[in-house]
Amino acid sequence: MIYLFSIKINSLIALFRFSLLLLIVFFANTLTSEELYKNNHNLNGDDSTFKDFIKWQLNSSNPTRVSIEVSDEFNASTNLPDKYSVWIGHSSFLINNGDINILVDPIYSKRASPLSFIGPKRLIPPGVDFNKLPSIDIVAVSHSHYDHLDLPTLTRLYKRNNETLFLVPMKVGKLLKSSGITNVVELNWWDTISINKSLITFVPVHHWSSRTPFDKNKTLWGGWWIETNDIKIVHLGDTGYTHDFKLINSELGSPDIAFIPIGAYEPRDIMKDSHLNPSEAIQTAIDLNAGKAIGMHWGTFTLTDEPVKDPPRILNLELQNRGLDNLFIIPKPGEIISLE
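Following the UniProt record's numbering, the numbering of the sequence shown begins with 1 at its first residue and continues without gaps.
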């Protein structure tokens, strides 16, 4: 009995320490020197305070852990379209544009956390088995947060194929290289790299970066524009609403496919500067003039207050109300989406 009580006490201490770390990281600007990178626009205003965040944490009602349906279509498939995407979970996608295989923000770890035993835990397994992944040409990382830059996964991918090229935002390369990943290219906003027949451009979005209490906005964040003569694709990583979407359209044109986050948006006063809600996701697709949008950043980790299955439900209601029923696709993890 004493032993079990000791385990519970130690678990509570670990939980408190991890929660404190998250609090510090979230408001790391109080601890750091001047930020190296800033957003282009601040439409919502950064009105949330440390007091607001503490109040949210103390009164937050954790959403019930429920699992969304995962498809085995890709894992069982022997015949793939010439161009396709597969949602692995969260913001992780396998994308084939008819030229190269790209993984964006891959995370195969059980937790989005610096610690293996605590932190946001997966609700579902990855939609693509790691061993079922095709040969990967490009791994593209949008920013440094743990739910988007999962170092154990990146290391596994490099060990699997050391010819894979890792594209990362400015100042993120050092982190990968410290883990032995040498094939790394850093990009600034609007930098473009040519791979085979594909042009890949790092584009601005509205977010922030941090992995420790002392590095807020010391590395860049953004989205990935992937273009060939046949298809234009954009993956927005993690973002709040911003005029950058109209700028992307003005500079690069209208994407045929836009991967747009739709979840992790409540409470709104805390999350509005970091994450799109469903209504804003629709406006983002309109600003981009996207041919088709694919919803992401939901159903994999419980990061915020909205119920797990709310993002697509609310998105679909908004789409119906606006007469835009066919604008978005909400795939199941593991489902093959033809990009033809």
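Backbone N, C-alpha and C fix where the C-beta goes; we use that ideal spot for every residue, glycine too.
{"Query": "Straight-line gap, Ser179 to Arg156 (C-alpha atoms, nearest Å)", "Result": "11 Å"}
{"Query": "CB of Phe328 within 7 Å of CB of Gly295, strictly", "Result": "yes"}
{"Query": "Alpha-carbon to alpha-carbon, Ile233 and Tyr108", "Result": "23 Å"}
{"Query": "Beta-bridge partners of Arg65, as assigned by DSSP", "Result": "Looking at the DSSP assignment, Arg65 forms no beta bridge with any residue, so it has no partner."}
{"Query": "CA nearest to the CA of Ile124, picked from Lys177, Ile136, Arg111, Lys132", "Result": "Arg111"}
{"Query": "Exposure of His243, with buried meaning 16 or more beta-carbon neighbours within 10 Å", "Result": "exposed"}
{"Query": "Enclosing alpha helix (DSSP H) for Lys232 [first to last residue]", "Result": "Element bounds for Lys232: not the alpha helix (DSSP H) but the beta strand (DSSP E), 232-235."}
{"Query": "For Val172, the nearest candidate out of Pro126, Gly222, Thr201 (CA to CA)", "Result": "Gly222"}
{"Query": "Exposure label - Ser116; buried when at least 16 CB within 10 Å", "Result": "exposed"}
{"Query": "Cut-off 8 Å between Cβ atoms - residues of its own chain near Asn183, not counting five sequence neighbours on either side", "Result": "Tyr158, Asn162, Glu163, Thr164, Leu165, Phe166"}
{"Query": "Identity of the residues DSSP links to Lys292 by a beta bridge", "Result": "Ile257"}
{"Query": "Simplified DSSP state of Ser279, which is helix, strand or coil", "Result": "helix"}
{"Query": "Cβ-Cβ separation, His207 to Pro297 (assumed contact under 8 Å), whole Å", "Result": "Here residue 297 turns out to be His, not Pro, going by the sequence shown. Not really, about 11 Å apart at Cβ, beyond 8 Å."}
{"Query": "Spatial neighbours of Ala285 in its chain, beta-carbon cut-off 8 Å, leaving aside the 5 residues before and after", "Result": "Ala258, Ile260, Ala293, Leu327, Phe328"}
{"Query": "Contacts around Leu319, its chain only, beta-carbon distance under 7 Å, and the 5 residues preceding and following it disregarded", "Result": "Ile282, Asp325, Leu327, Phe328"}
{"Query": "Reduced DSSP secondary structure (H/G/I, E/B, other) of Ile248", "Result": "helix"}
{"Query": "7 Å CB neighbourhood of Gly334 in its chain, flanking five on each side removed", "Result": "Val70, Ser71, Asp72, Glu73, Phe74, Asn75, Val86, Gly127, Val128"}
{"Query": "Per-residue burial, Asp147 [other beta carbons within 10 Å of its own, 16 or more giving buried]", "Result": "buried"}
{"Query": "As assigned by DSSP and simplified to three states, the class of Asn131", "Result": "helix"}
{"Query": "Bounding residues of the alpha helix (DSSP H) (the contiguous stretch that carries Gly263)", "Result": "From DSSP, Gly263 is part of no alpha helix (DSSP H); its letter is neither H nor E."}
{"Query": "Paired residues, beta bridge with Leu199 - DSSP", "Result": "Ser194, Glu227"}
{"Query": "Meets three-Cβ-pair contact criterion under 8 Å: the stretch 265-278 and the stretch 88-98", "Result": "no"}
{"Query": "Arg122 versus His41, Ile314, Ser92, Ser198, residue with shortest Cα-Cα distance", "Result": "Ser92"}
{"Query": "Beta strand (DSSP E) segment containing Gly89, residue limits", "Result": "84-89"}
{"Query": "Residues that residue 342 bridges to, as DSSP identifies them", "Result": "Here the chain comprises residues numbered 1 to 340, so residue 342 is not present and cannot be evaluated."}
{"Query": "Under 7 Å between C-beta atoms of Leu236 and Val185", "Result": "no"}
{"Query": "Residue(s) in a DSSP beta bridge with Asn101", "Result": "Asn96"}
{"Query": "According to DSSP, residues forming a beta bridge with Ala140", "Result": "Val104, Leu167"}
{"Query": "Cβ neighbours of Asn39 in the same chain (closer than 6 Å, five flanking residues each side left out)", "Result": "His206"}
{"Query": "Minimum C-alpha distance to Asp82 - residue among Gly89, Ser67, Asn101", "Result": "Asn101"}
{"Query": "Beta-carbon proximity check, Pro120 vs Leu276, cutoff 7 Å", "Result": "no"}
{"Query": "Sufficient close CB pairs (3 or more, under 8 Å) joining the stretch 190-200 to the stretch 208-221", "Result": "no"}
{"Query": "Rounded straight-line distance, which links the Cα of Lys309 to that of Arg65", "Result": "10 Å"}
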